[in-house]
Structures are given as C-alpha cells and as structure tokens.
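Trainee: Residue numbers (our numbering): 24 to 229. Even for Gly, the Cβ is constructed at its ideal location relative to N, Cα and C.
#1: Using C-beta distances below 6 Å, list every residue in its chain close to residue 142, excluding the 5 sequence neighbours before and after it, in chain order.
#2: Which residue comes first and which comes last in the alpha helix (DSSP H) that contains residue 143?
#3: Roughly how many angstroms lie between the CA atoms of residue 133 and residue 84, to the nearest whole one?
#4: Span of the alpha helix (DSSP H) holding residue 112?
#5: So, at 7 Å on beta carbons, what are the nonlocal neighbours of residue 194 in its own chain, with the 5 sequence-adjacent residues on each side left out?
#6: Specify, as a first and last residue, the run of the alpha helix (DSSP H) that residue 174 falls within.
#7: Can you list, in chain order, the residues of its chain whose CB lies under 8 Å from that of residue 219, leaving out five sequence neighbours each side?
#8: Whose C-beta lies closer than 6 Å to the C-beta of residue 210 among residues of the same chain, with five residues either side of it excluded?
#9: Reducing DSSP to helix, strand and coil, say where residue 49 ends up.
#10: Between residue 175 and residue 47, how many whole angstroms is the CB-CB distance? I'm expecting something under 8 Å.
#11: Who does residue 55 pair with in a DSSP beta bridge?
#12: What would DSSP say about residue 194, mapped onto helix, strand or coil?
#13: Determine whether the beta carbon atoms of residue 122 and residue 97 lie at a separation below 8 Å.
#14: State the DSSP-derived secondary structure class of residue 163, mapped to helix, strand or coil.
#15: Taking residue 39 as part of the alpha helix (DSSP H), name the residues at either end of that continuous run.
#16: Can you find the residues in the same chain that come closer than 6 Å, C-beta to C-beta, to residue 109, ignoring five residues on each side of it along the sequence?
#17: For the region 167-184 against the region 69-81, do three or more pairs of beta-carbon atoms, one drawn from each stretch, fall closer than 8 Å, so that the two count as touching?
#18: Determine contact between the region 186-193 and the region 143-154, defined as no fewer than three beta-carbon pairs at a distance below 8 Å.
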C-alpha cells in the first residue's frame with residue numbers, strides 16, 4: 024500500500040485532491056452531481072485505505088479504483104453526454120450498454136460501505152474499527168458479493184488498525200481531525216443517498 028504524506032500540523036483531509044464537501048449538488052436540476060468532481064473525490068477517498076495500512080485492504084482499494092475507471096472511461100468517451108452522473112447513466116443506457124452504469128452501481132455500494140463504516144465509528148466512541156467495518160460490510164457490500172469475494176473482504180475487516188492508532192494516522196490534532204471527518208462523512212452520505220435513490224429508478228436500470 025502507498026504511504027500518505029501528512030504534514031506534522033495537518034491532517035489526511037488536507038492531502039485530498041478533492042473532498043466530497045467540494046462536490047456540488049444541483050438541487051434545482053434533480054440533485055444532479057457533476058461527474059468529474061465526484062470521481063476526483065472518490066479517487067481521493069481511496070487513499071483512506073492506504074491510511075488503514077494493511078495489504079488486506081488492497082482488494083478493497085482496487086475494487087474502488089477499477090469502478091472509478093469504468094465511469095471515467097465513459098465520461099472521456101462521451102463528455103457532452105456525461106457532465107453529470109445521472110446524465111452519464113441515462114445516455115449510456117440508450118446505447119444498450121451498461122459498463123459505466125454498472126461500475127457506478129458498485130462504486131456507490133463501496134462508498135456507502137465506507138460512509139457507514141466511518142459513521143458507525145464516529146457515533147460509537149467505544150467501537151473498534153474492525154467492528155464498525157464489519158457491521159457496515161454486512162449491510163452494504165456483503166449481500167452482493169460472491170462466496171469467492173466475501174472471504175477477501177472479510178479478511179480486510181479484521182485487518183483494521185486499533186481505533187486510537189487510526190485517528191492518530193488521520194492527523195495529530197483531534198480538534199482538527201474530528202470536525203473534518205464529520206464533514207467529509209456527512210457530505211459522502213448525502214451524495215451516496217442521492218445516487219442510490221436515482222439508481223433505484225426504473226430508467227436507471229438495465
């Protein structure tokens with residue numbers, strides 16, 4: 024796993040190329056979410072699995088990265104039809120293909136898993152990361168994983184660092200880390216909820 028360089032006075036959140044708090048939502052246009060900004064934020068978030076430190080998380084990060092690529096490939100191939108994630112899906116489905124649409128489905132599931140893991144840990148101050156991640160995995164990705172994939176992800180859930188060690192890795196000053204973590208998770212939750220609601224619509228299915 025790659026290392027993340029954090030300045031002594033900074034936090035992991037300062038290293039993000041794009042934060043989910045910076046990804047706009049066009050509430051006047053059916054909660055449209057811009058594709059490029061969303062993918063940049065998702066890519067930035069994958070470095071969280073470097074922070075977690077274990078090679079067991081490589082498949083989790085790889086899964087995220089491969090699905091980001093599927094969506095980005097479509098965006099690059101048809102930029103005019105892919106300015107928002109919703110437009111990208113609807114326009115790709117018109118071509119009778121669903122590579123990026125399916126990639127986004129799995130990307131949202133993985134982001135939902137990440138958001139729920141972190142939310143559980145924020146809200147349960149006594150919980151170890153392994154408990155939070157295992158709980159979130161059971162409610163998000165696990166029902167969709169095959170019997171071959173489940174053990175790989177389960178191994179990652181058990182490889183999380185101790186809670187205190189994890190928060191220190193995010194930054195040395197809890198007064199900076201906690202509000203930044205809360206803001207990032209809240210923004211991620213909001214955007215995941217919007218996309219899940221969109222993906223539940225008939226026109227977004229293949």
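Mentor: According to the structure data:
#1: 208
#2: 122-146
#3: 9 Å
#4: 108-117
#5: 29, 33, 34, 35, 200
#6: For residue 174, the uninterrupted alpha helix (DSSP H) run begins and ends at 172-181, by DSSP.
#7: Excluding residues within five positions, the ones whose Cβ falls inside 8 Å are 131, 135.
#8: 43, 44
#9: In this structure, DSSP gives residue 49 an extended state, which the three-state scheme calls strand.
#10: Not a contact, Cβ separation roughly 35 Å.
#11: Bridge partners of residue 55: 49.
#12: strand
#13: Yes, Cβ-Cβ distance for residue 122 and residue 97 is below 8 Å.
#14: coil
#15: First-last for residue 39: undefined, no H or E at that position.
#16: 55, 221
#17: yes
#18: yes
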